[in-house]
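Numbering (the working numbering) for the sequence shown: 2 to 231. A virtual CB, placed ideally from N, CA and C, is assigned to each residue, including glycine. Computed from a predicted structure; not experimentally measured.
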Amino acid sequence: MASESIAFLSEATIFQGDHLVLNKVNFEIRKGDFVYLIGKTGSGKSSILKTLYGALPLKQGDGRVGEYDLRKLKRSQVPFLRRSLGIVFQDFELLGDRSVNDNLKFVLRATGWKDKGKMEIRMREVLDKVGMATKGYKMPHELSGGEQQRVAVARALLNDPLLILADEPTGNLDPSTTQEILTLLYEISQQGRAVLMATHDYVHMTKYSSHTIRCEDSTVVTTAAAPISL
2 MASESIAFLS EATIFQGDHL VLNKVNFEIR KGDFVYLIGK TGSGKSSILK TLYGALPLKQ
62 GDGRVGEYDL RKLKRSQVPF LRRSLGIVFQ DFELLGDRSV NDNLKFVLRA TGWKDKGKME
122 IRMREVLDKV GMATKGYKMP HELSGGEQQR VAVARALLND PLLILADEPT GNLDPSTTQE
182 ILTLLYEISQ QGRAVLMATH DYVHMTKYSS HTIRCEDSTV VTTAAAPISL
């Protein structure tokens with residue numbers, strides 16, 4: 002039986018302001034998919050991610066993330082769309098003036114959690130999932146780059162997202178730590194979520210069989226799941 006569709010763009014044209022970035026974009030992401038989003042700097046990878054999380058309006062074509070129609074998305078719906086997503090950035094974006102636990106608590110409160118007991122349980126669950134169960138009391142500057150990115154992944158998991166968007170999540174990490182984060186994201190996808198990972202680090206992409214979305218010549222080319230040969 003075919004897996005559940007999580008997100009798609011169909012004949013989508015993506016703009017940054019009045020500037021055309023990508024034309025006739027077509028792809029679908031299904032439950033359990035681990036997808037690489039690749040292409041040269043400036044080719045449109047970030048624009049695709051921004052379209053999916055509502056930072057860029059979809060003006061032409063069709064698109065959906067979960068229950069949200071991107072063509073009809075209202076500004077008031079964007080915060081709710083983003084609660085159904087997990088977003089991981091290259092530079093971690095942790096709040097440096099508070100502990101790991103308080104970073105997670107900040108997100109939970111901002112997304113409507115009120116029960117302190119349930120918040121504590123959820124924080125422990127996501128930190129355990131990313132191998133950081135004993136580090137909740139630490140400040141971000143006390144953690145390595147890989148540990149900070151693990152916390153960022155834990156933060157992305159807090160609201161049990163359908164889809165994780167990872168924008169160059171290993172760009173600031175050494176090769177060994179890059180492999181650890183890549184493995185973590187792949188394992189998360191195998192547990193039923195979907196992961197779309199923008200990357201230019203092709204060396205580490207050969208470990209996992211995955212389909213790819215390649216931005217080139219102002220459009221995208223999709224390839225079926227297979228080890229990438231470069």
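Under three-state DSSP, which class holds LEU231?
-> Mapped onto the sequence shown, residue 231 falls at position 230. For LEU231, the predicted structure reports a pLDDT of 36, less than 50, and the residue's modelled location is therefore unreliable. The matter cannot be settled from this model.
Buried versus exposed, by CB contacts within 10 Å (16 or more), GLY118 = On the sequence shown, residue 118 is found 117 positions in, with the first residue counted as 1. Per the 10 Å Cβ criterion, exposed.
Are the region 192-210 and the region 27-37 touching by the rule of at least three beta carbon pairs closer than 8 Å?
-> With the cut-off at 8 Å, the region 192-210 and the region 27-37 touch.
Can you round the beta-carbon distance between GLU94 and ALA155 to whole angstroms, since I take them to be within the 8 Å contact cut?
-> Taking the sequence shown and counting its residues from 1, one reaches residue 94 at position 93. Taking the sequence shown and counting its residues from 1, one reaches residue 155 at position 154. Beta-carbon to beta-carbon, GLU94 and ALA155 are separated by about 13 Å, too far to satisfy the 8 Å threshold.
Quickly, what does DSSP pair LEU109 with across the bridge? List them, please.
-> In the sequence shown, counting from the first residue as 1, residue 109 sits at position 108. Beta-bridge partners assigned by DSSP to LEU109: none are found.
Whole-Å CB distance - GLY172 paired with GLN61, under 8 Å assumed | Here the question's residue 172 lines up with position 171 in the sequence shown. Here the question's residue 61 lines up with position 60 in the sequence shown. The beta carbons of GLY172 and GLN61 sit about 30 Å from each other, so the pair does not count as a contact at 8 Å.
Assuming THR112 contacts ARG84 (C-beta within less than 8 Å), just tell me the rounded distance between them.
-> Your numbering for residue 112 matches position 111 in the sequence shown. Your numbering for residue 84 matches position 83 in the sequence shown. Rounded to the nearest angstrom, the Cβ distance from THR112 to ARG84 is 5 Å, consistent with a contact under 8 Å.
Report yes if the CB atom of GLY55 is closer than 8 Å to the CB atom of PRO162, and no otherwise.
-> Mapped onto the sequence shown, residue 55 falls at position 54. Mapped onto the sequence shown, residue 162 falls at position 161. Their beta carbons are not under 8 Å apart, which means GLY55 does not touch PRO162 by this criterion.
Answer with buried or exposed for ALA134, where buried requires no fewer than 16 other C-beta atoms within 10 angstroms of its C-beta.
-> For this step, residue 134 is matched to residue 133 along the sequence shown. By the neighbour-count rule (16 or more Cβ atoms within 10 Å), ALA134 is not buried but exposed.
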